[in-house]
Each structure stands twice: as structure tokens, then as C-alpha cells.
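Protein chains in written order, with our numbering: chain S, 351 to 672; chain H, 351 to 672. Using N, Cα and C, we set each Cβ at its ideal position, and we do this for glycine too.
There are 2 protein chains.
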Amino acid sequence: MYIDLTLHTDFLSLLFPMSPIMLHILGCGSAKPTTNHLPSAQILEMRGKFYMIDCGEGVQTTMQKMGLGMLKVGHIFISHNHGDHVFGLPGLISTMALLGRTAQLHIHGPEEMREFLNMVLKMYCEGIDYEVIFHPVRTHEHYLIFEDRSIEVWSIPLNHRVPCSGFLFKEKQSQPHIRREMIDAFNIPVSQINNIKAGASWTTEDGTVIPHERLTTPADPARSYAYCSDTRYAPEIAKWIEGVDLLYHEATFPHELLTQAKKTMHTTAKEAALVALKANAKKLIIGHYSARIKDTSLLLQEAKEVFSNTILANERLKVSIL
Amino acid sequence: MYIDLTLHTDFLSLLFPMSPIMLHILGCGSAKPTTNHLPSAQILEMRGKFYMIDCGEGVQTTMQKMGLGMLKVGHIFISHNHGDHVFGLPGLISTMALLGRTAQLHIHGPEEMREFLNMVLKMYCEGIDYEVIFHPVRTHEHYLIFEDRSIEVWSIPLNHRVPCSGFLFKEKQSQPHIRREMIDAFNIPVSQINNIKAGASWTTEDGTVIPHERLTTPADPARSYAYCSDTRYAPEIAKWIEGVDLLYHEATFPHELLTQAKKTMHTTAKEAALVALKANAKKLIIGHYSARIKDTSLLLQEAKEVFSNTILANERLKVSIL
């Protein structure tokens, strides 16, 4: 039996209008892994689709432990071409092939990573049954790099030792919600629901017009998530992520190691919080901890003094964006 | 203060003559990682030195969890250029640089992996403070590929889908043990101990000759370890590993999946045991389990029916070779 999953998903969304956007943290350490933290990797889950952000070594194993199916990943967004953000790609691409993947895999990242990707594909992935398509990101520009039915993904120019961009995921404005009791009361056929969601009114058999507004409740506000790692303190990005629902920002060092942060082009916990404050973010999650940091709660405390709604990233943490 | 660690180690070995050889299993799964098993990687520890064998993704993290210092690895032996045996190298090499390594790192493996290694070094390791030296292994020959003061490492031609060799680690014959009570009884200075170990007798002040045999007890027998993965059943290798103390042999499938084993050029548990039997190995450890195997105890049972002194490899298992 053939099921049109596109329509099916739409129909489900009538009954369950607001599916959560879920951020899964796979790794939130920095370059040197520790017994506590793995290199950078995340999955943003929206409407059953997985958007991966960075791909540090070990992502496959962590995804398996978290029960996250690798084949659900359609797009991978790589911030920059440092090993702790890309060394999970060879294994992930290979394992997807072993799992029987046939769907295209899209990788968005800086031009600098193309050679690595091409070499991995040439040497280790000959004859795989799916296509890997690389989309170079112009890391110094803020622009729409990708969109599908659910989201837009915008680049956020960052300031690191190599070309690097963050990513802003903006949910597309959804349609208003159907009032189920009105549908029942006026015996409106299911086939008309999409029209009504799109703005139509309904005319009953006796000619009475039931206006669109009586048949629906307003659409949910579109949600957004911003990922900013790795970067030296860059308050100028606030304008691009104004009002973001959740901001992940690197906080590699405490502010007392500001000199080290400047030298390595990273951000302190205090500075990450200042970005969240300036951007009017609703919530901040910090990560990319230096291996030198034994007690991340001190980073949390430092950030909270500037921006109270801050939490710490951790491996296998799931954060819902409501 | 300058300490000559070479002499120091020798002196210690007088007092603690037989240090254990320890095999640390870091990963014993096959290409597709599971929640139970990581891709292939091991460390053979001998006289304080680490010899790494294969380097699957995730080795750094596992080494940290096992308390194994990365900088102790001087030589890495790669069996073949498949991702599940090499994808841990980029991260390991990078992290060694972050840890301040200055000592050369030697990588022995098939010519086919040179391009991958060169690309990783070029793209991700520019300016590191140590040298990575690649030594190609002629995988179709059985020959001495490396030796130092402690061991010889011999290649073992295997039969896989790509050029592949196992490795035989043979401890060098040690010197006889000094009898401490004789040293004390005849007031023999420490400076003479190496001569006596090397075969000299001792002449006392009154001219009495104390023969070498009275001053020493016989040397311990040299120990050996063989690593054979990945390979189709290859009983012809038995002649090269005759009498080996410990044999790690891949046992990807149970014998009921022999067709699959032949197709993918792997070995069944029964066949691995037959190799151990033919080689008069003292002990067999099986691993490289297919992701399809949910219960490895069935593999163990199958192998034990042929070769009773068999154990199962597992992540973080330590096996001493006495």
C-alpha cells in the first residue's frame, strides 16, 4: 500500500498541531576530549526530521545510545573545518551505507572541508548506494543557506581562527489551528481542512458563511534555535538572532581565563551570556568546555550572573524548544 | 637531575624480573558500531611501552576511560585500510599534539592508507610539534617489520577484501635472573650485574671463581601475542604463530553464517578455534563481532568446542600474557 507521508504528516498535524522541536546534545567538549565530554555534535529534531550540527568523533555511538536513528539525518551543518567538529563524518557516512541508506545526504560547511570529504568518499565509500552532496557555506556572510517545508537555516558569521559560521534555524510560520468542534458541528469534510487552514471560510448547505476566524485559532509563533560555536566574543551577531528561543553559545573558558580565550579565539561564559542578553534570547545553553575546566558549574554561575535563564550542555541532554 | 631511564629500567628489572605483558581491548566490534561494541583497537603494553594495534573511531575516549596515557603510544600497527580500523587516527594524532607530544609517532600499515594519513596531517595537523612517520607494510609477506629492545613485530599475511596483515609480537629473549642473595653474599658491586646477566662469572678477592650459573637463575621464556583480523579462514598462518601464548582472532560470525563469512571474507568462531588448535596456541581470544550477533556467548561456546581455552574479547578488558 502506498501512503503519501507528506499528506499524512499534514493530517496528523491537524490533530497534534504543535510538535516540539528537540535539541539533542551528542557532544559539548572542545578539541581535547575528556572522560566527561565528547567533541561537538548536536541534532535538532523537528517534525520527525534530524538536522545535524557539527559532527565530532564518536557521534554514531552516542546516537545509538540515545536511540536516534542515523538514517533520519538528511542535512548536516558543519561550522568549521577543525577536527573536533568533523572527525565523526567518515564513520557516520560509512555506517549510513551499511544501514542501507539510499536517500541523498546533504552536507553544508566551509569550502575548506571539501577536500577531506572528497578523500573520505573516494577512499572509504566507493560503491555506496547513496549520494553525498556538499554545499559550501560562505562563512563571512549572513544569508539563507537552506530551506525546506519546515525551516529556514541562516548562516551566522563567527570570528574564529579559521572560516567559521554558526547557524540559525527558523521554523516557518505554521498555519492556524483547526477548531475540531467547529468541523464536527458544520460537518465540514476533511478534504476542505487544508483550504480552511490556508484562509478559506466555509459555506453551509443553507448558504450561511462561517468565517475563517470562527473555524480556527491563531497559529503558534514560529520557533528558532541558534548555534554559535566556535567564536571569539562577537556581540555583533545579536542582530541576526534577535529574540531567538534557544541560543547555544560556546563558553570554552571562565572569564578569569579571558587572555586564553582571546588567544585561542574563544568566548568566556560571561561573554556568552552578554550575547544572549543583547540578542534578547529566551534561553541560553552553554558548552564547548575546555578540557581544563573540571567544574562546569562555575561557568554556569558566571553566565547566570548576566543572563539568568542559562543551562549547561551535557552529553545526551535533550532540550525542548516550546 | 638527569636520570638515564634506560639504565634505570634495567636496574628495576633486576628486582622485578618478569613484568607482565598486558593486552588492553579498546574495541572489538566490526564495521557497524553497536551500543555494545566499538570498532577495532587494542594496546599491547610491555615494559611500560604501548604498542597500538588498529585504531577505530573513539580510541581516545576509551583510552581516557581506561586510564591509558596517549603519549605512551610510540608505534601504531594498522592491519588494513578499512574505516573501522583507521578512523580513530585523525583524532588521536590531533590530541597527541594538544597534549604536547614531541616524540616521533610511527605508524605501520598497508600502503593504501598513506594518502589518508597524509591528507589528515596536511589539513588538520599543520605545525604540530612532533613527527609522524609512516612505514608501509608488505601485507602479503611474513617478515620482521619492526624491532626494539623489547620485541620483534612480524607481519602475518591475511586474506581479506583488501590488502591486510596480522601482527605477531615476539618478546626478545631476556637475560637470566640475578640471585640477589648471591650478590649480597659475595659483595658484588651493582656495576657488575649487567656483566653477570650477560654470562660473566665473578672472581672474589681471594681468587675464588663463582660461576655464572651459581649467580643466576634461568631466563624466563619469551612471550608472544598474535593479532589476526580481518581475514577469511586462513589455517596456513598457523606455521607463523606456532605455540603463541595468546592469539586474538576475528570471529565475525557463528559457523551457521559460513556463507556470509565467505562472502565478506571473514572467519567463523569455529574456524578461529581451528586456527588456534592448529597453531598450538596457549590461549585464544575472539572478537570483531558482527553487529548481527546479539549473544556473543554462542560464539564462545562454538569456539570452545574446538579449542577449550578461549575467551571473549570485550571493551576495556585487560588480558595479561604470563
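The CB of alanine 381 of chain H comes closer than 9 Å to the CB of Ser444, Thr445 and Leu448 in chain S, given here in chain order. Taking a Cβ-Cβ threshold of 8 Å, the residues of chain H close to glycine 433 of chain S are Pro440, Gly441, Ser444 and Tyr474, in chain order. In the DSSP assignment, methionine 615 of chain S falls outside any beta strand (DSSP E), carrying neither H nor E. At least one CB of chain S lies nearer than 7 Å to the CB of glycine 408 of chain H. At a cut-off of 7 Å between C-beta atoms, methionine 469 of chain H counts as an interface residue with respect to chain S. Within the same chain, His374 and Arg666 come within 7 Å of methionine 416 of chain S by CB-CB distance, once the 5 residues on both sides are set aside. DSSP lists S:Ile528 as the bridge partner or partners of threonine 566 of chain S. Phenylalanine 437 of chain H reaches chain S at Pro440 and Gly441, counting residues in chain order whose Cβ is nearer than 7 Å.
Secondary structure in the region 534 to 596 of chain S: the alpha helix (DSSP H) runs of 4 residues or longer, each lying completely within the stretch, are 543 to 547 and 562 to 565 in chain order.
Residue range 464 to 474 is occupied by the alpha helix (DSSP H) that includes methionine 473 of chain H.
When the five nearest sequence neighbours on each side are left out, the beta carbons in the same chain lying within less than 7 Å of the beta carbon of histidine 562 of chain S are those of Ile546, Gly549, Ala550 and Ser551, in order along the chain. Shortest Cα-Cα distance from proline 370 of chain S to any of S:Phe437, S:Ser380, S:Ile403 and S:Ser574 involves S:Ser574. Distance from the CA of alanine 653 of chain S to the CA of histidine 387 of chain S, rounded to the nearest whole angstrom, comes to 20 Å. Below the 9 Å Cβ cutoff, chain H contributes no neighbours of lysine 613 of chain S, its closest Cβ being approximately 14 Å away. For leucine 449 of chain H, the closest of H:Asn431, H:Val487 and H:Gln410 by C-alpha to C-alpha distance is H:Gln410. Listed along chain H is no residue with a C-beta nearer than 7 Å to that of glutamine 392 of chain S; the closest approach is about 18 Å.
By the neighbour-count criterion, in which a residue is buried when 16 or more other Cβ atoms sit within 10 angstroms of its Cβ, isoleucine 483 of chain H is exposed. In this structure the region 387 to 399 of chain H lies against the region 497 to 504 of chain H, because at least three pairs of beta carbons, one per stretch, are closer than 8 Å. Listed by position along chain S, the residues whose Cβ is nearer than 7 Å to that of leucine 388 of chain H are Thr411. In the structure shown, glutamine 392 of chain S falls within a strand segment according to DSSP collapsed to helix, strand and coil.
No Cβ of chain S is located within less than 7 Å of the beta carbon of glutamine 610 of chain H. When S:Ile538, S:Ala572 and S:Thr567 are compared, the shortest CA-CA separation from valine 559 of chain S is found for S:Ile538. If the five residues before and after isoleucine 478 of chain S are omitted, its C-beta is found closer than 7 Å to the C-beta atoms of Ala447, all from its own chain and listed in chain order. For threonine 602 of chain H, there are no C-beta contacts with chain S under 8 Å, since the nearest C-beta of that chain is about 13 Å from it. By the Cβ neighbour-count rule, leucine 648 of chain H is exposed, with fewer than 16 other Cβ atoms within 10 Å of its own. Distance from the CA atom of glycine 593 of chain H to the CA atom of leucine 607 of chain S, rounded to whole angstroms, is 57 Å. The three-state reading of DSSP puts glycine 433 of chain S in helix, counting H, G and I together.
Leaving aside the five residues that flank threonine 445 of chain S on each side, the residues in its chain whose CB is nearer than 7 Å to its CB run, in chain order, Gln410 and Met420.
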